[in-house]
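*Asks:* In order, the protein sequences belong to chains A and B. Per the working numbering: the first sequence = residues 196 to 308. Per the working numbering: the second sequence = residues 43 to 156. Each residue gets a CB set at the ideal place from its N, CA and C atoms; glycine is no exception. All values reported here derive from a predicted model rather than from experimental measurement.
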Amino acid sequence: DAKTTQPTSMDCAEGRAANLPCNHSTISGNEYVYWYRQIHSQGPQYIIHGLKNNETNEMASLIITEDRKSSTLILPHATLRDTAVYYCIVRVRGSSNTGKLIFGQGTTLQVKP
Amino acid sequence: GAGVSQSPRYKVAKRGQDVALRCDPISGHVSLFWYQQALGQGPEFLTYFQNEAQLDKSGLPSDRFFAERPEGSVSTLKIQRTQQEDSAVYLCASSYHRVDTEAFFGQGTRLTVV
């Protein structure tokens, strides 16, 4: 699975959009981009995933560049409860993969009042 | 149940003691994963079950670590002769399908070896 690079930490003002970048320059054509987050003392929580098109759900939006070498997770209106470590993961989907996730260090997002 | 349940939430073990950590996945979930998370680090994969079959144990750090899921539901991670470096949070995750669905994680068991 391709390696990802994320900033170690970011701050965001409550109510503003939080934009979390991720570089995955060695991503392969069959690898998806996944985002999970981990709130303090909890297990990771799935947020969103995509292949090449932009995706949106009730939690966030995922913007993937045309060359797929980077992506941005957008939390449109950050709240204090969004303070967490955010992990960007790339992995293959399908029968050849067990579904295991390879986590990096992630980005610690601090939402401030 | 409503989510993945792990027990105990906290475990303190003396060095050399054996421990058993339990995971109750979401009912009907085929896939079950164990991860180890050291302080300040991201989770690291330990092992994977598809129903009762352990298909991937490449992440188990030593032969002191053993996992089972005999009836394809509840899983137990056993660590024999615990060492201080085993201190970590042990996370269990389950997913409905083998590979193509999101994984749901439990809150983890924090193991401290003294």
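Can you confirm whether the segment 56–75 of chain B touches the segment 128–141 of chain B when touching is taken to mean that 3 or more C-beta pairs between the two stretches lie within less than 8 Å?
*Replies:* Taking 8 Å as the limit for Cβ pairs, the verdict is that the segment 56–75 of chain B does touch the segment 128–141 of chain B.
*Asks:* Tell me where the beta strand (DSSP E) around residue 131(B) begins and ends.
*Replies:* Its beta strand (DSSP E) spans residues 130–137.
*Asks:* With 16 as the cutoff for other CB atoms within 10 Å, does residue 121(B) come out buried or exposed?
*Replies:* When all chains shown are included, residue 121(B) counts as buried.
*Asks:* Against chain B, which members of the segment 284–303 of chain A pass a CB distance test of less than 8 Å?
*Replies:* Result list: 288, 289, 290, 292, 293, 294, 295, 296, 297, 298, 299, 300 and 301.
*Asks:* Check the Cβ of residue 239(A) against every Cβ in chain B and list those closer than 7 Å, keeping chain order.
*Replies:* Neighbours of residue 239(A) on chain B, chain order: 85 and 147.
*Asks:* Give every residue of the same chain whose Cβ lies closer than 8 Å to the Cβ of residue 109(B), excluding the five residues on either side of it in the sequence, and list them in chain order.
*Replies:* Closer than 8 Å at Cβ, skipping near neighbours: 76, 88, 89, 91, 96, 99, 102, 117, 118, 119 and 120.
*Asks:* Using three-state DSSP, classify residue 261(A) as helix, strand or coil.
*Replies:* Reduced to three states, the DSSP call for residue 261(A) is coil.
*Asks:* So, for residue 308(A): in the same chain, excluding its five sequence neighbours on each side, which residues have a beta-carbon less than 6 Å away from its beta-carbon?
*Replies:* Closer than 6 Å at Cβ, skipping near neighbours: 209.
*Asks:* Can you tell me the Cα-Cα spacing of residue 224(A) and residue 244(A), whole angstroms?
*Replies:* Their Cα atoms are separated by approximately 15 Å.
*Asks:* Using the beta-carbon of each residue, which ones in chain B are nearer than 8 Å to residue 282(A)?
*Replies:* Per Cβ cutoff of 8 Å: 84.
*Asks:* Identify every run of the alpha helix (DSSP H) within the segment 79–134 of chain B, keeping only runs that are complete inside it and at least 4 residues long; order them along the chain.
*Replies:* Runs of the alpha helix (DSSP H) inside the segment 79–134 of chain B: none found.
*Asks:* Based on DSSP bridge pairs, tell me the residues matched to residue 66(B).
*Replies:* In DSSP, residue 66(B) forms a bridge with 47(B).
*Asks:* How is the beta strand (DSSP E) around residue 243(A) delimited, first residue to last?
*Replies:* Segment 240–245, the beta strand (DSSP E) holding residue 243(A).
*Asks:* State the CB to CB distance for the pair residue 61(B) and residue 143(B), rounded to an integer number of angstroms; the pair is presumed to be in contact (CB under 8 Å).
*Replies:* So it is not a contact: roughly 30 Å between Cβ atoms.
*Asks:* Considering only the beta carbon of each residue, do residue 247(A) and residue 219(A) sit closer than 8 Å?
*Replies:* Not in contact: residue 247(A) and residue 219(A) (Cβ atoms no closer than 8 Å).
*Asks:* For residue 267(A) and residue 201(A), what's the separation of their Cα atoms in angstroms?
*Replies:* Spanning the two alpha carbons is a distance of roughly 10 Å.
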